[in-house]
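Worksheet for the structure shown next.
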Amino acid sequence: MIRSIALFALLLASPVMAQTNIDLGGITTNPNAPVEVAADSLSVDQDSGTAVFEGNVLIGQGDLRIGAARAQVVYDGATGGIASFAASGGVTFTTATEAAEAQNANYDLTNGKLVLSGEVLLTQGPSALSADRMTIDVETGNAQMEGRVRTVFQQGN
13 MIRSIALFAL
23 LLASPVMAQT
33 NIDLGGITTN
43 PNAPVEVAAD
53 SLSVDQDSGT
63 AVFEGNVLIG
73 QGDLRIGAAR
83 AQVVYDGATG
93 GIASFAASGG
103 VTFTTATEAA
113 EAQNANYDLT
123 NGKLVLSGEV
133 LLTQGPSALS
143 ADRMTIDVET
153 GNAQMEGRVR
163 TVFQQGN
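Residues 13 to 169, numbered by the working numbering, are exactly what the sequence shown covers, in order.
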């Protein structure tokens with residue numbers, strides 16, 4: 013699941029990453045596939061380089077779906093690429109086989125860290141992990157969970 017969440021962060025990454033297919037933990041997606049965003053409203057501020065989607069935000073690419081009440085994209089003024097992405101208000105990441113929930117998600121492309129915070133819950137089939145906060149290094153896929161970590165691992169039948 014950690015790699016699935018990191019997948020979204022990779023989708024936002026540099027144009028170099030957009031040139032190849034990504035296969036993480038059995039989930040394959042084509043970063044060249046269209047990214048669809050739906051929301052009740054969109055505000056763009058050219059001066060600050062931000063775009064804010066609000067109200068029933070749904071982001072999808074391939075099998076990956078992200079939902080939130082609010083999503084903000086901040087662009088790097090020098091390169092025009094995305095500098096950071098933040099989602100809040102009950103964030104969900106789902107694929108065909110896995111899901112993650114948190115109150116907030118913040119991805120800083122400059123340091124490659126994705127942070128989920130507030131009632132983090134990861135599920136894969138009957139197995140689950142929960143914590144107050146999870147930090148993922150998007151390049152390595154390594155993650156650290158903090159704050160009353162709990163887990164349930166289901167063994168094979």
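Glycine included, each C-beta is placed from N, C-alpha and C at the ideal position.
A quick note: this is a predicted structure, and the numbers were derived from the prediction, not measured.
Quick check on residue i: does DSSP put it in helix, strand or coil?
{"i": "residue 123", "result": "coil"}
{"i": "residue 86", "result": "strand"}
{"i": "residue 79", "result": "strand"}
{"i": "residue 72", "result": "strand"}
{"i": "residue 61", "result": "coil"}
{"i": "residue 166", "result": "coil"}
Do you know offhand how far residue i's Cα is from residue j's?
{"i": "residue 82", "j": "residue 166", "result": "34 angstroms"}
{"i": "residue 89", "j": "residue 132", "result": "32 angstroms"}
{"i": "residue 86", "j": "residue 145", "result": "22 angstroms"}
{"i": "residue 29", "j": "residue 128", "result": "Any reading at residue 29 must be qualified, since the residue scores a pLDDT of 32, below 50, and its modelled position is unreliable; the value itself is stated next. Cα to Cα, residue 29 sits roughly 22 angstroms from residue 128."}
How about residue i and residue j: do their beta carbons lie closer than 7 angstroms?
{"i": "residue 120", "j": "residue 96", "result": "yes"}
{"i": "residue 78", "j": "residue 49", "result": "no"}
{"i": "residue 110", "j": "residue 136", "result": "yes"}
{"i": "residue 126", "j": "residue 94", "result": "no"}
Looking only at its chain, what residues have a beta carbon closer than 6 angstroms to the beta carbon of residue i, apart from the 5 residues adjacent to it on each side?
{"i": "residue 99", "result": "80, 83, 117"}
{"i": "residue 163", "result": "141"}
{"i": "residue 55", "result": "64"}
Looking only at C-alpha atoms, which of the options sits nearest to residue i?
{"i": "residue 66", "options": "57, 132, 101, 75", "result": "101"}
{"i": "residue 115", "options": "53, 47, 105", "result": "105"}
{"i": "residue 123", "options": "151, 137, 130", "result": "151"}
{"i": "residue 52", "options": "69, 134, 159, 92", "result": "69"}
{"i": "residue 160", "options": "130, 153, 154", "result": "130"}
{"i": "residue 47", "options": "73, 63, 154", "result": "73"}
CB-CB under 7 angstroms to residue i, same chain, minus the five flanking residues each way: which ones, in chain order?
{"i": "residue 139", "result": "164, 165, 166"}
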